[in-house]
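Some notes on the structure that comes next.
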Amino acid sequence: ITLMTKGEMPLEMHQLLVPNNSIRRWPILEEPDSNRLFLVVEGSFFPISSGYKDSNLSTYHLSLWFDHNATRKQNENIIETSPINISEYWTIPLLPPDYMDVFPTLRRERIVYLKDILPMNEREEEDTININLYANFPTSLPISIGYELSPISTEDGIAYAAVILLGLYVLIIFEIVHRALAAMIASTMSLAILASLNERPTMSELISWIDTDTLLLLFSMMILVAIFAETGIFDYLAVYAYKITGGKLWPLVTTLCFFTAAISSLLDNVTTVLLMTPVTIRLCEVMELNPVPILTSMVIFSNIGGTLTPIGDPPNVIIASNRDVIDAGVNFTTFVAHMSIGVFTVILVVYAQIRFIFRDISALSFDEPQDVQELRHEIAIWQRAAASLSSYSKDENFVRETLLRKVQRLLSLLKKKLMTGSVALEKYKTTLEELQEKYPIRNRTLLIKSGLALIFVIVLFFLHSLPNLHLSLGWTALLGVLLLLIIADAQDLDGILARVEWSTLIFFASLFILME
Numbered sequence: 283i284t285l286m287t288k289g290e291m292p293l294e295m296h297q298l299l300v301p302n303n304s305i306r307r308w309p310i311l312e313e314p315d316s317n318r319l320f321l322v323v324e325g326s327f328f329p330i331s332s333g334y335k336d337s338n339l340s341t342y343h344l345s346l347w348f349d350h351n352a353t354r355k356q357n358e359n360i361i362e363t364s365p366i367n368i369s370e371y372w373t374i375p376l377l378p379p380d381y382m383d384v385f386p387t388l389r390r391e392r393i394v395y396l397k398d399i400l401p402m403n404e405r406e407e408e409d410t411i412n413i414n415l416y417a418n419f420p421t422s423l424p425i426s427i428g429y430e431l432s433p434i435s436t437e438d439g440i441a442y443a444a445v446i447l448l449g450l451y452v453l454i455i456f457e458i459v460h461r462a463l464a465a466m467i468a469s470t471m472s473l474a475i476l477a478s479l480n481e482r483p484t485m486s487e488l489i490s491w492i493d494t495d496t497l498l499l500l501f502s503m504m505i506l507v508a509i510f511a512e513t514g515i516f517d518y519l520a521v522y523a524y525k526i527t528g529g530k531l532w533p534l535v536t537t538l539c540f541f542t543a544a545i546s547s548l549l550d551n552v553t554t555v556l557l558m559t560p561v562t563i564r565l566c567e568v569m570e571l572n573p574v575p576i577l578t579s580m581v582i583f584s585n586i587g588g589t590l591t592p593i594g595d596p597p598n599v600i601i602a603s604n605r606d607v608i609d610a611g612v613n614f615t616t617f618v619a620h621m622s623i624g625v626f627t628v629i630l631v632v633y634a635q636i637r638f639i640f641r642d643i644s645a646l647s648f649d650e651p652q653d654v655q656e657l658r659h660e661i662a663i664w665q666r667a668a669a670s671l672s673s674y675s676k677d678e679n680f681v682r683e684t685l686l687r688k689v690q691r692l693l694s695l696l697k698k699k700l701m702t703g704s705v706a707l708e709k710y711k712t713t714l715e716e717l718q719e720k721y722p723i724r725n726r727t728l729l730i731k732s733g734l735a736l737i738f739v740i741v742l743f744f745l746h747s748l749p750n751l752h753l754s755l756g757w758t759a760l761l762g763v764l765l766l767l768i769i770a771d772a773q774d775l776d777g778i779l780a781r782v783e784w785s786t787l788i789f790f791a792s793l794f795i796l797m798e
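If you count the sequence shown from 1, position 59 lands on 341 in our numbering, and the numbers rise without skipping.
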């Protein structure tokens, strides 16, 4: 209802010319709703980084302040009109005249607090609030200026944001709805609150809030992983780990974990773990291991490996694509160089912890053989079925006695297995040749083409620091995907696009809007 009743509130910018060494007064025609105004100024301002905000860096300055024309009347005649300053001075450093055509126009924003304003019932019709502008510039200074009379209070904004963010966490943690839908609901609620406060943004402003380069990078890497999965490389690597380790427990677990960390540093870690899970479970069956601690270790190493590069994990993508991070000179090579020390240290520490936790190898194995566990489960099912029957009729008594006899036969079989040992586990002991036959490289040609495309993307990532390479991370990944689609001659493009995690892209797009 709020979005239907409240329209968009674009900020109107006005063109002003500030004369040199003279005050330009610009009246505000509307009455402020409070003592706070949101002021926006655009002009040839001195570019100041976030670390250097000293206004003394330039000899030329633009000063802005507000005053109020207080009018006194006597017998309907105006006897005095005097301006009273009602705000602090806002000083903005200006570029020298020779550099005005070199640097682009910059934007400055500030919340201005007005003081000593007469109440509405005490003002005269002639009373006005004015914006004063003064520039010690050798020539007249053109600027653009705009204002909002009722900006959102910082305290109210924090309260609304906290409630929406808490609701989003509740929806995601308790899995009430899908996380993408939860983010869409939260972002829509935030827009509704902005609309209720007369701050509804325009559609173009909403689109500008979304980090398209981040979404482009995620989209491109998802397609790259989808094509890689067609080659069977993930299953093959797990079988290859089993081969080179000779089926020994700790060498196999170590190799699987380090394979997962290495792949996750270049490809999406969630997809990497999902694709390696089936063959890992099969290897655990062959070696009579419990797959839960093995897969848990692989997930941990996948998360660690994904933090090594800007493309290994969605949070890294967001960080590396941030404009402030890019302006600080953090490129792909710089990111990897700084993260590598921490990642390798964490890998060694976590591996030592895993070896210590599972120092007893029996903790990685099942407490009982698989067929014994299945037999116990079957006995429990028949026992519950027998217990659910009443004794009110002969038919029910007959069925219950039949079930109890079956339970007794199963208990006897269980006792025999526990005394003589299980032989059914032989069916799980698949040979290495059978594993290699079941999990081969399905498409070697596509694997070679995919590898060339991945090498092309990685090389461009490391060349990202070159000043003459005008490609962002997202564009680099997209060019690599286009190259792969061309050389692979993919006919089933719909099938490839169907593997893209659109819900993840929608989730991050909604989060971008929510965070803004």
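A virtual CB, placed ideally from N, CA and C, is assigned to each residue, including glycine.
DSSP beta-bridge partners for residue i?
{"i": "D349", "result": "N367, N412"}
{"i": "E324", "result": "R389, S426"}
{"i": "V300", "result": "L423"}
{"i": "Y451", "result": "Answer is none; Y451 lacks a bridge partner."}
{"i": "Y395", "result": "R318"}
{"i": "S647", "result": "L571"}
Take residue i and list the residues in its own chain whose beta-carbon comes closer than 6 Å to its own, dropping the five residues that flank it on each side.
{"i": "A468", "result": "I446, L450, L796"}
{"i": "N598", "result": "P592"}
{"i": "L779", "result": "none"}
{"i": "L742", "result": "T758"}
{"i": "D299", "result": "For the sequence presented, residue 299 should be read as Leu rather than Asp. Closer than 6 Å at Cβ, skipping near neighbours: S422, P424."}
{"i": "S792", "result": "A465, M466, S469"}
Can you look up residue i in the DSSP assignment and give me helix, strand or coil?
{"i": "I629", "result": "helix"}
{"i": "V445", "result": "helix"}
{"i": "H659", "result": "helix"}
{"i": "Y342", "result": "strand"}
{"i": "P292", "result": "coil"}
{"i": "A417", "result": "strand"}
{"i": "T615", "result": "helix"}
{"i": "R724", "result": "coil"}
{"i": "I730", "result": "helix"}
{"i": "T436", "result": "helix"}
{"i": "P309", "result": "strand"}
{"i": "I489", "result": "helix"}
{"i": "I623", "result": "helix"}
{"i": "I374", "result": "strand"}
{"i": "V681", "result": "helix"}
{"i": "P483", "result": "coil"}
{"i": "N604", "result": "coil"}
Are residue i and residue j closer than 8 Å when you measure CB to CB?
{"i": "V322", "j": "L293", "result": "yes"}
{"i": "L729", "j": "T494", "result": "no"}
{"i": "S340", "j": "L376", "result": "yes"}
{"i": "L646", "j": "L531", "result": "yes"}
{"i": "A668", "j": "L685", "result": "yes"}
{"i": "F348", "j": "N418", "result": "no"}
{"i": "L415", "j": "G325", "result": "no"}
{"i": "L767", "j": "L548", "result": "no"}
{"i": "I526", "j": "T542", "result": "no"}
{"i": "V763", "j": "S579", "result": "no"}
{"i": "I393", "j": "Y442", "result": "no"}
{"i": "H343", "j": "I305", "result": "no"}
{"i": "I434", "j": "K397", "result": "no"}
{"i": "V535", "j": "I582", "result": "no"}
{"i": "V521", "j": "Q718", "result": "yes"}
{"i": "S603", "j": "L753", "result": "no"}
{"i": "R724", "j": "L696", "result": "no"}
{"i": "L498", "j": "L760", "result": "yes"}
{"i": "D517", "j": "V561", "result": "yes"}
Between which residues of its own chain and residue i is the CB-CB distance below 7 Å, once the five residues before and five after are set aside?
{"i": "S546", "result": "T554, S584, G587, G588, G594"}
{"i": "F789", "result": "R461, A462, A465"}
{"i": "M291", "result": "N480, E481, R482"}
{"i": "V631", "result": "none"}
{"i": "E656", "result": "none"}
{"i": "Y395", "result": "N317, R318, S369"}
Excluding sequence positions up to five away, which residues of its chain have a Cβ less than 8 Å from the Cβ of residue i?
{"i": "L745", "result": "L751"}
{"i": "V689", "result": "I661, W664, Q665, A668"}
{"i": "W784", "result": "none"}
- Message: Restricting to runs no shorter than 4 residues, where is the alpha helix (DSSP H) found entirely within the region 736-796?
- Response: Counting only runs of 4 or more, we get 755-770, 775-780.
- Message: List, from N- to C-terminal side, the alpha helix (DSSP H) runs of 4 residues or more that fit wholly inside the region 500-563.
- Response: Segments of the alpha helix (DSSP H) lying fully in the region 500-563: 515-526, 531-546.
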